[in-house]
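Engineer:
Protein chains in written order, with my numbering: chain A, 280 to 565; chain B, 0 to 338.
Next up, the structure:
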């Protein structure tokens with residue numbers, strides 16, 4: 280019985296393909312593209328100012344409001360700045376850490392280090408951000424309490440706090456792809472560069488960096504896009520500062536179409552980012 | 000040889016003594032509990048082709064890597080041109096390496112790979128291009144400059160690696176089993192090319208291999224490694240015809256160990272004649288042909304002898320049949336003793 284089904288399937292490769300991909304395709308089309316499509320469509324709707332109901336009528340009013348109001352432009356620029364800073368900070372910390380893990384640590388310790396990098400991902404996002412809140416709290420927070428006597432003060436709640444919090448949250452997503460990239464990099468290439476007279480910095484710039492660039496891009500896609508869409512961190516340790524996500528969150532209950540319009544901005548930014556990355560050729564060797 | 004000629008030759012060798020370029024003293028290196036290199040002493044002469052020969056794990060590659068600077072010795076010194084370099088990083092040593100896996104930079108084309116060392120050294124662009132082109136020509140790869148390593152065959156990559164090292168005109172070139180990844184035909188061709196190239200550029204080559212035939216073909220001198228130390232150092236002929244230890248006699252070439260008249264003698268298979276009746280030489284042993292293995296140019300005979308031991312002999316004709324009664328004979332002067 281089993282073998283006859285298998286034989287029947289074996290003769291019909293197309294059917295096998297359909298059986299394999301039906302579930303993921305359904306998920307992708309309905310849950311993923313469907314939601315994205317609904318978002319895009321909603322962005323062009325408006326609301327009845329009296330009842331607050333969504334009016335399904337195509338118009339560009341939301342986009343006009345968003346583009347003409349300087350307050351929104353500031354939020355976009357601030358969010359971009361935060362996402363870029365987070366990405367840069369993560370890369371700066373992740374490269375030496377990943378290098379140590381992949382090239383210097385003993386093989387047995389490598390696995391332990393990977394596990395340690397992953398451990399923070401098991402803890403709840405909210406717990407981690409509240410932990411940072413108690414760290415950054417002016418006067419009574421851990422930073423002011425421990426480091427205050429030597430003159431280091433907490434930056435308090437605001438932009439720098441958001442950058443610190445998000446960098447902390449997304450660092451593992453940057454370390455892991457770079458670690459994987461460095462793992463694949465043969466040690467003999469580093470030996471060869473030194474053998475040909477290059478010092479460590481030259482080797483880093485001319486050999487290591489170009490070869491792990493695709494891994495850096497992969498990591499940055501996580502850190503950049505996750506930062507771009509975040510709003511909880513800003514709410515908890517951002518003080519009065521707002522990011523795009525906060526604007527979406529605020530409008531969501533009172534003006535859904537406008538929230539959708541704002542939400543198209545990170546999508547557009549990511550599309551542009553991917554397009555730029557594609558032009559560098561990094562995606563081809565990912 | 001006339002008396003005067005001999006005098007002249009002595010005179011020449013006195014006037015031009017080969018100068019020592021690499022001098023290794025009491026070099027040791029331990030990995031964990033393994034003594035990879037155990038007190039090696041070695042003088043390498045300027046312009047010679049020296050091969051470090053030995054099985055894997057014998058310490059030959061570790062010695063090479065310590066000369067290059069990729070490994071630091073636990074103790075001992077390495078002098079390069081009279082200067083102790085054993086504590087210097089690789090980029091401060093006047094040596095270049097051809098790696099076993101070639102280690103070409105995959106993101107650079109052939110020209111950039113070869114020009115890398117010159118660029119690091121700050122050689123002006125025009126000179127860099129001229130020297131790179133010349134190096135390409137030397138390894139017969141003119142016109143391949145704009146290819147990426149991935150677009151080259153194994154043999155071509157090997158040549159690029161060679162050019163990348165030689166273009167810097169190092170005082171010593173280190174080669175870490177560079178022919179290991181090539182197929183037999185290409186390997187034999189590259190052996191000849193490498194030897195010619197070495198004569199042409201006059202640079203000292205230190206060549207690591209586990210292939211005894213390769214070592215015999217290419218080297219001026221061979222250092223046979225075993226268990227972290229040098230068992231014998233000498234010309235290929237010396238090492239082959241007069242091995243100084245049981246290990247060397249077995250690792251370099253094949254050896255028959257025969258107990259005759261109460262003592263052990265050693266004889267290479269190719270010096271033994273196998274025939275039905277004819278005798279060539281003063282040693283004669285009777286036996287029965289146990290097996291005949293055709294290996295192309297010769298046939299390898301395995302003979303069960305009256306001494307109760309099997310003897311291997313090689314013979315180009317291969318006309319005997321298994322089971323034949325045969326006579327083994329050889330000149331006793333071809334035998335060698337092993338300490």
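We treat Cβ as the ideally placed atom computed from N, Cα and C, and that holds for glycine.
#1: Hey, does residue 0(B) have any beta-carbon neighbour from chain A nearer than 9 Å?
#2: Just by C-beta distance, which residues in the stretch 481-504 of chain A are closer than 7 Å to chain B?
#3: Quick one: which chain A residues come within Cβ less than 9 Å of residue 206(B)?
#4: Compile a chain-ordered list of the residues in the stretch 465-477 of chain A whose CB is closer than 7 Å to at least one CB of chain B.
#5: Using a Cβ cut-off of 8 Å, pull out every chain A residue sitting near residue 98(B), in sequence order please.
#6: From which residue to which residue does the beta strand (DSSP E) around residue 228(B) run?
#7: Looking only at its own chain, which residues have a Cβ that is under 8 Å from the Cβ of residue 485(A), when we skip the five neighbours before and after it?
#8: Looking only at its chain, what residues have a beta carbon closer than 6 Å to the beta carbon of residue 158(B), apart from the 5 residues adjacent to it on each side?
#9: Determine which residues of the stretch 59-72 of chain B have a Cβ less than 7 Å from any Cβ of chain A, and write them out in chain order.
#10: Got a sec? Which residues, its chain only, sit under 6 Å from residue 412(A) by beta carbon, not counting five neighbours each side?
#11: Would you tell me roughly how many angstroms separate the C-alpha atoms of residue 302(B) and residue 117(B), rounded to the nearest one?
#12: Under 7 Å Cβ to Cβ from residue 114(B), same chain only, skipping five residues before and after it: list those, please.
#13: When DSSP labels each residue in this structure, what does residue 87(B) get in the three-state scheme?
#14: Are the C-beta atoms of residue 316(B) and some chain A residue less than 9 Å apart?
#15: Residue 104(B) CB to nearest chain A CB: under 9 Å?
#16: Leaving out five residues before and five after residue 40(B) in sequence, what residues of the same chain have Cβ atoms less than 7 Å from its Cβ?
#17: Quick one: grab the DSSP three-state call for residue 426(A).
#18: Check each candidate in 299(B), 305(B), 105(B), 277(B) and name the one with the smallest Cα separation from residue 287(B).
#19: Just by C-beta distance, which residues in the stretch 223-235 of chain B are closer than 9 Å to chain A?
#20: Taking only the alpha-carbon atoms, compute the straight-line gap between residue 326(A) and residue 487(A) and give it to the nearest angstrom.
#21: What does residue 435(A) pair with, by DSSP beta-bridge criteria?
#22: Beta-carbon separation of residue 445(A) and residue 505(A) under 9 Å?
#23: Indicate whether at least one CB of chain A lies closer than 9 Å to the CB of residue 36(B).
#24: Taking just the CA atoms, how far does residue 89(B) sit from residue 468(A)?
#25: Ends of the beta strand (DSSP E) at residue 224(B)?
#26: On the three-state DSSP scale, how would you describe residue 353(A)?
#27: Against chain A, does residue 179(B) count as a neighbour if the rule is that its beta carbon must be under 9 Å from one of theirs?
#28: Could you check whether residue 457(A) and residue 395(A) sit closer than 9 Å to each other, using their CB atoms as the reference points?
#29: Quick check: what's the CA-CA separation for residue 306(A) versus residue 372(A)?
#30: Would you mind reading off the limits of the alpha helix (DSSP H) that contains residue 194(B)?
#31: Would the C-beta of residue 267(B) count as close to the ligand COA, meaning under 8 Å from any of its heavy atoms?
#32: Would residue 313(B) pass as a contact of residue 269(B) if the rule is Cβ separation under 9 Å?
#33: Given that residue 123(B) touches chain A, what residues does it touch there, using C-beta distances under 8 Å?
#34: Quick one, are the C-beta atoms of residue 175(B) and residue 60(B) less than 9 Å apart?
#35: Hey, would you say residue 490(A) sits closer than 9 Å to residue 148(B), going by beta carbons?
#36: Using a C-beta to C-beta distance shorter than 8 Å, which residues of chain A count as neighbours of residue 120(B)?
Structural biologist: In short, the structure shows the following:
#1: Any reading at residue 0(B) must be qualified, since the residue scores a pLDDT of 46, below 50, and its modelled position is unreliable; no value is offered.
#2: 481, 486, 489, 490
#3: Ordered by position in chain A, no residue passes the 9 Å Cβ test against residue 206(B), which lies about 16 Å from the chain.
#4: 465, 467, 468, 470, 471, 473, 474, 475, 476, 477
#5: 467, 470, 471
#6: 228-233
#7: 472, 477
#8: 138, 140
#9: 67, 69
#10: 515, 516
#11: 59 Å
#12: 127, 131
#13: coil
#14: no
#15: yes
#16: 23, 24, 25
#17: helix
#18: 305(B)
#19: none
#20: 54 Å
#21: According to DSSP, residue 435(A) bridges with nothing at all.
#22: yes
#23: no
#24: 13 Å
#25: 220-225
#26: helix
#27: no
#28: no
#29: 36 Å
#30: 183-200
#31: The ligand COA is not part of this structure, which contains no ligands at all.
#32: yes
#33: Within 8 Å Cβ-Cβ: nothing; residue 123(B) doesn't reach chain A, min ~16 Å.
#34: yes
#35: no
#36: 476
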